[in-house]
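Here's the structure, in structure tokens; my notes come after.
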Amino acid sequence: MAGRNHLFIPGPTNTPHEILSAMHLPMEDHRSPIFPKLFAPILEDLKKVFRTETGQCFVFPATGTAGWEVALTNCLNPGDKVIIYRVGQFAHLWMEMAKRLGFDVEVHEVEWGKGIPVDHLEARLKEDTNHEIKAVLATYNETSTGVTSSIPGIRGALNAANHPALLFVDGVSAIASIEFRMDDWGVDGAISGSQKGFMLPAGLAILAFSQKALKATETSTSRRAFLSLQDQINSNKDGYTPYTPSTPMLHGLRASLDLLLDEGMDNVYARHHRLGEGVRRAVAAWGLKICAEAGVESDTVTAIVVPEDKDARDVISIAFNKYNISLGAGLSILSGKVFRIGHIGDMNDVSLLGAIAGVEMALLDSGINITAGSGVAAALEYYRSTAN
Ligand SMILES: Cc1ncc(COP(=O)(O)O)c(C=O)c1O
4 MAGRNHLFIP
14 GPTNTPHEIL
24 SAMHLPMEDH
34 RSPIFPKLFA
44 PILEDLKKVF
54 RTETGQCFVF
64 PATGTAGWEV
74 ALTNCLNPGD
84 KVIIYRVGQF
94 AHLWMEMAKR
104 LGFDVEVHEV
114 EWGKGIPVDH
124 LEARLKEDTN
134 HEIKAVLATY
144 NETSTGVTSS
154 IPGIRGALNA
164 ANHPALLFVD
174 GVSAIASIEF
184 RMDDWGVDGA
194 ISGSQKGFML
204 PAGLAILAFS
214 QKALKATETS
224 TSRRAFLSLQ
234 DQINSNKDGY
244 TPYTPSTPML
254 HGLRASLDLL
264 LDEGMDNVYA
274 RHHRLGEGVR
284 RAVAAWGLKI
294 CAEAGVESDT
304 VTAIVVPEDK
314 DARDVISIAF
324 NKYNISLGAG
334 LSILSGKVFR
344 IGHIGDMNDV
354 SLLGAIAGVE
364 MALLDSGINI
374 TAGSGVAAAL
384 EYYRSTAN
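Per the numbering used here, numbering of the sequence shown is gapless, rising by one per residue and ending at 391.
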């Protein structure tokens with residue numbers, strides 16, 4: 004089909020030409036004296052994205068899923084108790100991993116569409132007077148439901164209970180796009196991946212750990228090999244990596260950081276908020292509901308609920324086959340019930356208006372009763388009235 008297939012899935016996201024061209028270069032010697040000139044400043048500049056001065060950033064040749072494993076196996080001891088709220092499919096997968104790795108996982112079910120219940124967490128932490136819970140695993144932006152939980156709220160719960168548990172945050176679909184403040188929010192392990200807010204292909208787990216978490220690695224007896232933070236620390240101190248890095252991806256990450264930092268992180272957050280709000284207005288104008296309850300709507304992805312007698316998979320397949328746009332599918336229990344619009348990464352008003360128009364056509368073709376142009380009109384009015 005002529006024209007571009009635009010990605011309105013919440014990752015991988017559209018890769019800007021600055022990043023694509025930065026990655027298009029011959030292979031390099033990663034043990035050369037010039038490699039640290041590329042890599043060391045990347046590790047420093049990542050701190051500006053994670054908003055940390057006291058933490059340390061890491062880049063593993065892996066994906067976000069490996070980031071979960073890095074946090075669990077480097078900072079905890081075998082069988083340690085961790086607590087997780089199952090707010091959606093990605094929280095579910097992290098929980099499953101923690102169980103598979105042999106941790107004692109305390110799971111609390113949350114209706115999908117709601118955020119992590121901070122009051123419940125606070126009460127549970129206060130009850131845990133022996134401090135058996137060693138880590139709170141928090142999915143900041145649950146990509147399957149389009150729900151953003153409050154990390155400052157979770158830090159507040161830990162503080163109110165005066166509880167020493169480590170706070171690990173899955174920020175895969177949040178970091179480098181919506182507000183994230185590692186130091187201010189007292190986050191001990193922050194997990195991200197290259198293919199979302201960083202606008203790169205998948206292939207890098209981009210992480211940050213607090214000094215408290217790094218201290219815990221010194222005594223942690225969990226088994227780990229490839230995903231060892233200590234191996235990274237030993238090589239990173241001289242600007243190198245413990246094994247062969249993907250040098251094109253690092254050049255891409257350099258370009259990504261330049262784009263993000265040139266725009267300014269606060270502007271990146273504000274842009275994502277405007278983009279998300281326009282989509283929410285479009286959905287309201289269609290007369291449809293979103294999966295997220297009021298107050299926890301994500302600015303990077305919106306999960307839209309189709310009427311009960313319709314199948315969201317039809318909307319997604321018509322959108323792809325007939326209009327050449329990619330939408331996110333409903334995952335797990337949400338399969339067929341929702342489709343998702345990703346509004347993350349290299350995106351602006353006009354590209355998103357194209358997606359909203361494409362979704363309208365796919366909704367109409369699926370027999371869903373909306374008024375043609377209603378969502379586009381609502382979004383464009385909002386974008387027009389809030390554009391700088
Ligand atoms: C919130 C969240 N966590 C973790 C992951 C897993 O990341 P990856 O697919 O890079 O391993 C994803 C992927 O979409 C995600 O959205």
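All C-beta atoms, glycine included, are put in the ideal place defined by N, C-alpha and C. All values reported here derive from a predicted model rather than from experimental measurement.
Per-residue burial, Phe-374 [other beta carbons within 10 Å of its own, 16 or more giving buried]: Note that residue 374 is Thr in the sequence shown, not Phe. Exposed, by the Cβ-count rule.
6 angstroms Cβ shell around Asp-317 - same chain, five flanking residues per side excluded: Ser-369
Enumerate in chain order the residues of its own chain whose CB-to-CB distance from Ala-322 is below 7 angstroms, with the five nearest sequence positions on each side excluded. Within the same chain, Ala-322 has close Cβ partners Ile-328, Leu-330, Gly-361, Val-362, Ala-365.
In whole angstroms, what is the alpha-carbon distance linking Glu-300 and Thr-57? 30 angstroms
Let me check you understand the geometry: is the CB of Val-175 closer than 7 angstroms to at least one non-hydrogen atom of ligand 1? yes
Collapsed DSSP secondary structure at Ala-101 in the structure displayed: helix
Tell me whether Thr-389 is buried or exposed, calling it buried when 16 or more other Cβ atoms sit within 10 Å of its Cβ. exposed
Inspect the CB distances between the region 131–138 and the region 85–96 and report whether three or more fall short of 8 angstroms. Judged by Cβ distances under 8 angstroms, the region 131–138 makes contact with the region 85–96, as three or more pairs qualify.
Should Phe-93 be listed as close to ligand 1, given that the test is whether its C-beta is under 7 angstroms from any heavy atom? yes
Ligand 1 and Gln-235: does the residue's C-beta get closer than 7 angstroms to at least one heavy atom of that ligand? no
Three or more C-beta pairs under 8 angstroms: does that hold for the region 231–242 against the region 174–191? no
Let me check you understand the geometry: is the CB of Asn-144 closer than 7 angstroms to at least one non-hydrogen atom of ligand 1? yes
Return helix, strand or coil for Leu-230, following the three-state DSSP convention. The answer is coil: DSSP assigns Leu-230 none of H, G, I, E or B.
What residue range is occupied by the uninterrupted beta strand (DSSP E) comprising Ser-195? 192–196
Reference Tyr-143; option with closest CA among Asp-131, Ile-157, Asp-269: Ile-157
Excluding the 5 residues flanking Val-90 on each side, which residues of the same chain have their C-beta closer than 8 angstroms to its C-beta? Val-113, Trp-115, Lys-117, Gly-118, Ile-119, Thr-142, Glu-145, Thr-148, Val-150, Ser-152
If we ignore side chains and look at the alpha-carbon of each, how far apart do Pro-64 and Glu-384 end up? 43 angstroms
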